[in-house]
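>
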């Protein structure tokens, strides 16, 4: 069955990669846009779509790139890869990688690409994934409790819930779902699986609803738990952290980063990364410095863009979308590379070292 997917913030995202004078709300451009350089990038630059999906953003970008340009697209979803391969067969500028965007640096290196002129990421779940009950992302449609972006590898949510401890479930649901009743939800899941395993999305949704004592207006009580489990099982924030760092490593001077986020956890990570890289490096203790010696930022923030009312009316998914854009400067990266600007935070189950946990996030007991 075919499911319609409407790409969010389509034109602003491609504008962000290509227009010399692009600037969203809060942009901090310290110099005028370089129009000749922007034209050259569009004509023969190298671009990355880290979340191909059904190809809406890629097709829009290809329509505005020259014949000598190149686009490398990534996706974990086998169905998305099938669409991407069809596009690549029709357009020689396209190279397809079946894998998550966290592998960007390694995959581009294998392709002989050292620097890129633009990276775009559309985070979150696509409409076809949500609408297809068999993928297990929706609490409104009954289907197997899966939620994997790549259905060919790794444990499903059902697999993980069958063996996770109450404390492990509480931590994931509290940290990735920001659910106040994480402890109650974890206990309810443990009690339910003691009698029979949770195998479907509606079984989990009903179990969660029985444990969430208050409901937010217009929001299903299972919303936060489903978000948390999807983020955890796919390592979404860990992969985003690695990808932001890789983007800073890979972007050529003048290259652009455009990221669409749909919830506060991912948007916070993107915002903090751009803000950190847009601050000048610490000045040497021996002041004053000559102008040429003054510390310079690694990124220049080009602000954020929200969907207009008409787009939200046509596509409710656009309501929570935030596009953040930044431009790479010529300032060399520190020894740690792009990871120096990524704030990891608390990532349960991650092999990225987080800072010490702050109190008060574990859900109500």
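Residue numbers (the UniProt record's numbering): 1 to 365. We put the beta carbon where it would ideally sit given N, CA and C, even for glycine. Predicted model, so just to flag it, every value in this text is computed and none were measured.
(1) Under 6 Å Cβ to Cβ from residue 101, same chain only, skipping five residues before and after it: list those, please.
(2) Quick check: is any heavy atom of the ligand COA less than 7 Å from the C-beta of residue 251?
(3) Under 8 Å between the Cβ atoms of residue 65 and residue 42?
(4) Report yes or no: do the segment 151 to 165 and the segment 195 to 202 share at least 3 C-beta pairs separated by less than 8 Å?
(5) By Cβ distance, which residues of its chain are closer than 7 Å to residue 331, with the 5 residues on each side in sequence left out?
(6) Within the same chain, show all residues whose beta-carbon is closer than 8 Å to that of residue 179, passing over the 5 residues directly before and after it, in chain order.
(7) Verify whether the separation of the beta carbon atoms of residue 115 and residue 252 is less than 8 Å.
(8) I'd like to check one pair, residue 140 with residue 230: are the Cβ atoms closer than 8 Å?
(9) Based on the DSSP output, what are the partners of residue 324 in its beta bridges?
(10) What residue range does the beta strand (DSSP E) around residue 47 cover?
(11) Going by other Cβ atoms of all chains shown within 10 Å of its Cβ, with 16 needed for buried, is residue 165 buried or exposed?
(12) List the DSSP bridge partners of residue 99.
(13) Between which two residues does the alpha helix (DSSP H) holding residue 122 run?
(14) Go ahead and pull the three-state DSSP assignment for residue 213.
(15) How many Å lie between residue 72 and residue 321 at the Cα?
(16) Kindly list the residues whose CB is nearer than 6 Å to the CB of residue 144, restricted to its own chain and excluding five residues on each side of it in sequence; keep chain order.
(17) Just list the residues that DSSP pairs residue 243 with in beta bridges.
(18) For residue 310, count neighbouring Cβ atoms within 10 angstroms of its own Cβ and tell me buried if that reaches 16, exposed if not.
(19) Short of 7 Å in beta carbon distance, which residues of its chain neighbour residue 214, apart from the five on each side in sequence? Order them along the chain.
(20) Could you tell me the distance, in whole angstroms, from the CA atom of residue 152 to the CA atom of residue 202?
(21) What separation, rounded to the nearest whole angstrom, lies between the Cα atoms of residue 14 and residue 7?
(22) Alpha carbon to alpha carbon, how far is residue 113 from residue 68? Give it in angstroms, no decimals.
(23) Run the CB neighbour count on residue 35, radius 10 Å, all protein chains shown included, and call it buried at 16 or more, exposed below.
(24) Checking the sheet assignment: what are the DSSP bridge partners for residue 144?
(25) Do residue 77 and residue 149 have their CB atoms nearer than 8 Å?
(26) What is the DSSP secondary structure of residue 343, counted as helix, strand or coil?
If we stick to the structure as given:
(1) Walking along the chain shown from the start, residue 101 turns up at place 101. Around residue 101: 50, 74 and 243.
(2) The ligand COA is not part of the structure shown, which contains no ligands of any sort.
(3) Numbered from its first residue, the chain shown carries residue 65 at position 65. Numbered from its first residue, the chain shown carries residue 42 at position 42. Cβ distance < 8 Å, so residue 65 and residue 42 count as in contact.
(4) yes
(5) What you label residue 331 is simply residue 331 of the chain shown in a count that begins at 1. 296, 297 and 298, listed in sequence order.
(6) What you label residue 179 is simply residue 179 of the chain shown in a count that begins at 1. These residues qualify, in order along the chain: 173, 185, 212, 224, 225, 228 and 363.
(7) Position 115 of the chain shown, counted from the start, is the residue given in the question as residue 115. Position 252 of the chain shown, counted from the start, is the residue given in the question as residue 252. Yes, these two residues count as a Cβ contact at 8 Å.
(8) Here residue 230 refers to the residue found at position 230 when the chain shown is read from its first residue. Here residue 140 refers to the residue found at position 140 when the chain shown is read from its first residue. Taking 8 Å as the Cβ cut-off, residue 230 and residue 140 do not qualify as a contacting pair.
(9) Indexing the chain shown from 1 puts residue 324 at position 324. For residue 324, which the question treats as bridged, DSSP gives the partners 259 and 304.
(10) If you number the chain shown from 1, residue 47 lands on position 47. Element bounds for residue 47: 46 to 49.
(11) Taking the first residue of the chain shown as position 1, residue 165 is located at position 165. Exposed, since its Cβ has fewer than 16 Cβ neighbours within 10 Å.
(12) Walking along the chain shown from the start, residue 99 turns up at place 99. Answer is 75, bridged to residue 99.
(13) Residue 122 sits at position 122 when you count from the first residue of the chain shown. From DSSP, residue 122 is part of no alpha helix (DSSP H) but of the beta strand (DSSP E) over 116 to 122.
(14) The sequence position of residue 213 within the chain shown is 213, counting from 1. If DSSP states are grouped into helix, strand and coil, residue 213 belongs with coil.
(15) Within the chain shown, numbered from 1, the residue matching residue 72 stands at position 72. Within the chain shown, numbered from 1, the residue matching residue 321 stands at position 321. Distance between the alpha carbons of residue 72 and residue 321: 24 Å.
(16) Looking up residue 144 in the chain shown gives position 144. Closer than 6 Å at the Cβ level, and outside the excluded window around residue 144, lie 136.
(17) Position 243 of the chain shown, counted from the start, is the residue given in the question as residue 243. According to DSSP, residue 243 bridges with nothing at all.
(18) Locating residue 310 in the chain shown gives position 310, counting from the first residue. Its Cβ having fewer than 16 others within 10 Å, residue 310 is exposed.
(19) Position 214 of the chain shown holds residue 214. Cβ neighbours of residue 214 beyond the five flanking positions: none.
(20) Mapped onto the chain shown, residue 152 falls at position 152. Mapped onto the chain shown, residue 202 falls at position 202. Near 23 Å, if we compare the C-alpha coordinates of residue 202 and residue 152.
(21) Start at 1 with the first residue of the chain shown, and residue 14 comes out as number 14. Start at 1 with the first residue of the chain shown, and residue 7 comes out as number 7. The alpha-carbon atoms of residue 14 and residue 7 are separated by roughly 12 Å.
(22) Counted from its first residue, the chain shown places residue 68 at position 68. Counted from its first residue, the chain shown places residue 113 at position 113. If you take the alpha carbons of residue 68 and residue 113, they lie about 15 Å apart.
(23) For the purposes of this step, residue 35 is taken as the residue at position 35 of the chain shown. By the 10 Å Cβ count, residue 35 comes out exposed.
(24) In the chain shown, the residue the question calls residue 144 occupies position 144. Bridge partners of residue 144: 200.
(25) Looking up residue 77 in the chain shown gives position 77. Looking up residue 149 in the chain shown gives position 149. A contact, by the Cβ cut-off of 8 Å.
(26) Locating residue 343 in the chain shown gives position 343, counting from the first residue. Correct three-state label for residue 343: coil.
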